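Report on the following structure.
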Amino acid sequence: MLYPDRDRSFTTRSANSDLTFDLTAGTATGGTTRHSSLAISYNADSQSYTVAKGEVSSSFGQADIVADNADELVFYRQMGDIREYLTLVRRPYSGLPERKHVALGYWQRNIVSSDRQSMDLATFVYGLPTSTGSMPRSGSAGYNIDAFGVVSQPGKEPRTLFGLGTFNADFLTGDFTTKADVFEQSLASEEHSSGVNFHMSGAGQISATNSTFAGTLRYDGLYGTAVGALEGRFYGPGAVELGAAFSASNADGMTVSGALTGQRDDAVPIRNLALTNLQPGVAVDILGTVYPEGSISLNTDGSISFRATEWDYLGGTFTDRDRVAARNVNFDAWRISNGGRGLAREDLTVELYRPGADNTELALTYASFGEWQLTYYDAARDEHFPQQFIYGIETPAGLIAARTGTARYDGVVLGTASNAGQAYQANGTSRFDINFSDQSFAGQLAIAATHGSDRIDFGSFDLSGRLNALGADSEASINMAGVDHGLGTLMFRFYGPSAQEIGGRFTIGLPEGTANAGWGITGVTVAKER
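Heads up: the sequence shown begins at 914 in the numbering used here, then just goes up one per residue.
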């Protein structure tokens, strides 16, 4: 990659940090990050490189080489007050194998004036992109990744970052996720830091028309948490390698910029990124309205395994032999029967709302819900205990904070309405209006319940609250017009690499003085971005 056999030109995206430093104190005084287009070209006759970004360009020839070893090729040149470095990485700094189709580089321009220095650092990848015809559109792949970049915080020493991790791609759904453990080193004192909370993670979508991908990124390091963007593409035949530039920042002035390269690696475990393209065996957590909480494993042979954390007797494995008629065409249902605990029989029925295009009501990809129902049979009683739960492929923690703008989600509701021993099946619709920029939301639940021929229309309930952008659940207050206090809460979280879907569980109590006073409603809702 470093010395092509002929003239080459590459156009790519770079992550740029514009930083200023106090040289006496050895600390940063300010900084910004951004992404931009960058061009790098190679002249085979002179064995020189030219890099250009915006209106600025520089050429580096053989006379400018200051380091040429197995790890990197480094150029240095000075023009007046401007000192420039171009570093082209031969072998990933983490020690991973050399890339064949993509390489990482960084172009640094320093201007020193007395005890102050400004630095423009562009970190980028370049190489031979995967052609449209060679780009996979089915299957999944895992990649090892190596990352390099710079971290800055006003009043602190600037630091370099080195990351080692994995990248997972689902070519059928067009989703990806990535995560790397990070090691940081001070540029001034060479002090280094690492730990369980030093990492970077990202997720997003692969283009359906070319070999690029883009998404959001979260960085956690010594100076705190920053969020931003990641832009990249696949390289080589069949997308055997990849590269990306990333940047992040926070309100305290912390900035992060860097790049990563990856290579397909069969040793990297394949992750399930969507419910519609499951690899062999996936276990996802379930969150119930009351209980159980546990996990559900969805298997490609059509069976499911259901486990409750504190209620072992509620679990079981359901195969095709256990399938029974579901409530409608949008559900799949299984039932197993057990004796014991002094009962003639108890049945455990599990129904799952079907994800994918076959669902005629709401075609979900990343989240869904279900209902388990335990039925006791003996000489004195037949008792039914329905409980709903949500499950799915959650948005990686903290990436919500990197998303901006607004979005509307529309969905469906499933639950149970109860009063004085009566239990009705509750159904309805949901709407969420999310403002990612200011981390707020509003919405509505519309719920009705039926039992045989009886029907109760509970009307509409208003939702409002603030997002828990760096955590899991966000809490919504549930209110109704004409009532001066909350009627309950809804806890929800996002699903999908870019928060394309929502799943939540709620509890509502109707007090005296309201229509249908005394009724309580528990249930779940799933919603999809419009």
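No residue lacks a Cβ here, since even glycine has one placed at the ideal position from N, Cα and C.
From a predicted model like this one, the values you see are computed outputs, not experimental measurements.
Assigned with DSSP and collapsed to three states, glycine 967 falls in coil, not helix or strand.
Inclusion of leucine 1017 and threonine 1174 in the CB contact set at 9 angstroms is warranted, their separation being smaller than that value.
Under DSSP, isoleucine 1249 forms a beta bridge with Leu1261. Listed as beta-bridge partners of alanine 1142 by DSSP are Thr1129, Ser1160. Ranked by Cα distance from leucine 1327, the first of Leu1130, Ile1347, Gly1311, Ile1303 is Ile1303. Distance check between threonine 1288 and each of Ser1250, Asp935, Tyr1322 places Ser1250 closest, using alpha-carbon atoms only.
Proximity of the stretch 1132-1140 to the stretch 1018-1028 falls short of the contact definition, fewer than three beta-carbon pairs being nearer than 8 angstroms.
The beta-carbon distance between tyrosine 1006 and phenylalanine 1075, rounded to whole angstroms, is 5 angstroms. This is short enough to meet the 8 angstroms contact definition. Residue state for leucine 1376 is assigned as strand, using DSSP reduced to three classes. In the structure shown, the three-state DSSP call for arginine 947 is strand.
Across the set Thr1363, Thr1125, Ala1093, the C-alpha of Ala1093 shows the shortest separation from the C-alpha of histidine 1112. Around the beta carbon of proline 1424, fewer than 16 other beta carbons sit within 10 angstroms, so the residue counts as exposed. Following the DSSP letters along the chain, one finds serine 1387 inside the beta strand (DSSP E) bounded by residues 1387-1392.
DSSP places serine 1124 outside any beta strand (DSSP E), giving it a letter other than H or E.
Between glycine 1087 and isoleucine 1119, the gap from beta carbon to beta carbon is short of 9 angstroms. Here alanine 1116 carries a strand assignment [DSSP, helix/strand/coil].
Per DSSP, phenylalanine 1084 is not a residue of any beta strand (DSSP E), being assigned neither H nor E. Burial is judged here by how many other beta carbons sit within 10 angstroms of a residue's own beta carbon; aspartate 1059 has at least 16 and is buried. Per the coordinates, the alpha-carbon of glutamate 1274 lies some 16 angstroms from the alpha-carbon of threonine 1189. Taking threonine 1045 as the centre and dropping the five residues before and after it, the same chain places the C-beta of Asn1123 closer than 6 angstroms to its C-beta, in chain order.
Straight-line measurement puts the Cα of phenylalanine 1298 at about 22 angstroms from the Cα of threonine 1232. Assignment of glycine 1046 by DSSP, reduced to helix, strand and coil, places it in the helix class. Taking 9 angstroms as the cut-off, the Cβ atoms of valine 987 and leucine 1001 count as close. In this model, serine 1208 and glycine 1229 are separated by some 11 angstroms (Cα to Cα). Here glycine 1436 is near isoleucine 1360, since their CB atoms are less than 9 angstroms apart. Methionine 992: member of the beta strand (DSSP E) spanning 985-992, first to last residue. Boundaries cannot be given for lysine 1069, as no beta strand (DSSP E) includes it and DSSP labels it neither H nor E. Under DSSP, aspartate 1059 shares a beta bridge with Leu1077, Thr1174. Rounded to the nearest whole angstrom, the CA to CA distance from glycine 1324 to glycine 1384 is 23 angstroms. Beta-bridge annotation (DSSP): arginine 921 is paired with Tyr955. Around the beta carbon of proline 1042, a 10 Å sphere encloses 16 or more other beta carbons of the protein chains shown; the residue is thus reported as buried. Around asparagine 1057, the same chain offers Leu1009, Thr1079, Gly1175, Gln1176, Asp1178, Val1181 as residues with beta carbons nearer than 7 angstroms, after the five sequence neighbours per side are excluded. An exposed status is given to glutamate 1388, since fewer than 16 other beta-carbon atoms sit within 10 Å of its beta-carbon. Pairing arginine 919 with tyrosine 962, the inter-Cα distance amounts to about 12 angstroms. Judged by DSSP secondary structure, alanine 938 falls outside any beta strand (DSSP E); it is assigned neither H nor E.
Listed in chain order, the non-local C-beta contacts of serine 1373 below 6 angstroms within the same chain comprise Gln1357, Ala1359, local neighbours out to five positions each way being set aside.
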